[in-house]
Amino acid sequence: MKQAIYHATTASIWKKIRDNGFKIPENDWARFYVGNIKKKPGSLGYGVYGFLDDPGLATAFISKTTNLKDYAIIKMTIEVDDERVLNFVDSLDDMKLFRWFLLQTKLQRRIERFGKLYHNSFKQHSLDGALLEYFIMVLSKGGYLSEINCVRCATSTDLYKGIHLFIPNGIEYCIRDKDVIITYEMEN
């Protein structure tokens, strides 16, 4: 299924993307386990982030999180098989599998360790992202999951003056495989 995803970035990064394509951050597992990594995972893990069918939310996000006046909203057309999407929007099976995983007794020490290395704040949920990365890796190695190209989740982007809400205001994608990006162009 083809979908439009809107990614916000600086104008200078857009030029690099335009010239060289998107780069998906890779996880350095050796450093990941000890929390000694260059870039902590985002709320949905490592990847390129964007909002489903909502250029306005991408614009509001970059306007709220930076002082930049020189930014770019990139429209990506992606095509991904639903079987390769970890779907926290409307797949109860995916939600139940993740919950089951986190409750496994044999994983509690590792999960507690991640809780000391990674943290959730209102704006960034690095612990969530770390747990998603670990979940995908463990279940992929065990043959329980196929390759996961995207993580999709209803998220709350901090937009409102003076209040922090947890009610979702958009559908966010974390694109883990750049091959699902068919086209991209500057929107604004």
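Following our numbering, the numbering of the sequence shown begins with 2 at its first residue and continues without gaps. Each residue gets a CB set at the ideal place from its N, CA and C atoms; glycine is no exception.
The residue from I25, F52, T78 with its alpha-carbon nearest to that of K40 is I25. The distance from the Cβ of V181 to that of I79 is about 5 angstroms, consistent with a contact at the 8 angstroms cut-off. In terms of Cβ geometry, F52 and G171 form a close pair [threshold 8 angstroms]. Under the DSSP definition of a beta bridge, R153 partners with N88, Y174.
Here the segment 159-177 makes no contact with the segment 69-76; the two share fewer than three CB pairs at distances below 8 angstroms.
Nearest C-alpha to W101 among L140, P56, F33, I176: L140. Rounded to whole angstroms, V90 and V35 show a C-alpha spacing of 31 angstroms. The beta carbon of K179 sits closer than 6 angstroms to those of F23, I25, all from its chain and outside the five residues before and after it, given in chain order. Where Q109 is concerned, there is no enclosing beta strand (DSSP E), although the alpha helix (DSSP H) around it starts and stops at 109-118.
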